[in-house]
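Numbering-wise, full-length UniProt numbering puts 39 at position 39 of the sequence shown, and it's gapless, one number per residue.
Backbone N, C-alpha and C fix where the C-beta goes; we use that ideal spot for every residue, glycine too.
Reviewing the structure listed below.
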Amino acid sequence: MTAPYSGPLLSLPNSSRVLTPTVTGCYLHTDADVLAVLQACLQGLAQHIPRRPHDRERPELIKSGSVFVYEENASGIKRWTDGVSWSPSRILKNFLVYRELEAPFPPGEKKRATKRKRSITEDDGDDSKPAKKAHLANEAALKASQNRGIHGSLVDSYPFKEEGLVKKTFSIRHKGVHHHIVNYCTVDDVRSGRILRPFHFQQFVGMGITPELKETCKGLKVPINEFQDAYGPENISIEQIPIWHAHGLPPDHKNAMGLDVTAAEIEGEW
């Protein structure tokens, strides 16, 4: 039996002053993914970070696949800063999402959304190959739909940096403590499988949810069955964990979020 991918993932508690992400190589797609990471922190399997990254640390820490979890009061972090120029936020389910900009807005200027003009290609106005054009249009529509599952409605409203970062944030109050989760990714890393959702990693196999966290989730209307289906010990086994990350890119019939492409195309799960 081949074990699931078990590369570096969780940052274990230590006394060092060197700051490391709570999780690396990871993408948080759903509420269940967030809960899995938070549960690992609450169980002592991973650590809350004690502070924000210093300026000199940012190049090594603020990168695709990094996940940071921190307690608001314990860390003293009232506002997360990372030195990246971000678009205004948009709501994507229970997340707030941001996209990296080509350049920061000038001081004092309002962050107005201005739809970018569609680029003109050589094929525009050429009706000689309608079947090919239709195929390319369908491919572009599918890709756009999938990308929206990553960055939401932040499509062409601001001058986004090409191959830039996407930031996803999530906040939850558990037993009187405010926990904040910050995840960085790029669209290409998610789609290619270079970063993966937590259930692809051995450290999360069979992780259950505590009654206390389950109660917290009820108040947030987070679907507990979603967590149990992906991480519950009664519904997951070694055989069910995809292991293709250890061998490079995923097979053609899977996308980077572990969904069947045809199903995603039909159901719009991205």
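Non-local C-beta neighbours of Ile181 in its own chain, meaning closer than 6 Å and more than five positions away in sequence, comprise Val34, Val69, Phe170, ordered along the chain. Under the DSSP assignment, Arg99 falls in the beta strand (DSSP E) whose first and last residues are 95 to 99.
Across the structure, Ala230 and Arg173 are spaced so that their CA atoms are roughly 22 Å apart.
Cys41: member of the alpha helix (DSSP H) spanning 31 to 42, first to last residue. Counting only runs of 3 or more residues that sit fully inside the stretch 147 to 221, the beta strand (DSSP E) segments are 166 to 174, 177 to 185, in chain order. Looking at the backbone, the Cα of Pro53 and that of Thr22 are separated by about 12 Å. Between the alpha carbons of Gly83 and Arg58 lies a gap of roughly 8 Å. The three-state reading of DSSP puts Phe227 in helix, counting H, G and I together.
The C-alpha of Val97 lies about 39 Å from the C-alpha of Lys129. Residues Val84, Lys161, Gly164, Leu165 of the same chain have their beta carbon placed closer than 6 Å to that of Glu100, with the five preceding and five following residues left out of the count. Our two residues, Pro104 and Ser157, have alpha carbons roughly 15 Å apart in a direct line. Arg52 is not bridged by DSSP to any residue. Rounded to whole angstroms, the Cβ separation of Glu71 and Val177 is 6 Å, and the two are in contact under 8 Å. Here the alpha carbons of Thr210 and Leu28 stand approximately 20 Å from one another.
Here Glu102 carries a coil assignment [DSSP, helix/strand/coil].
A straight-line Cα-Cα distance of about 29 Å links Phe204 and Arg79.
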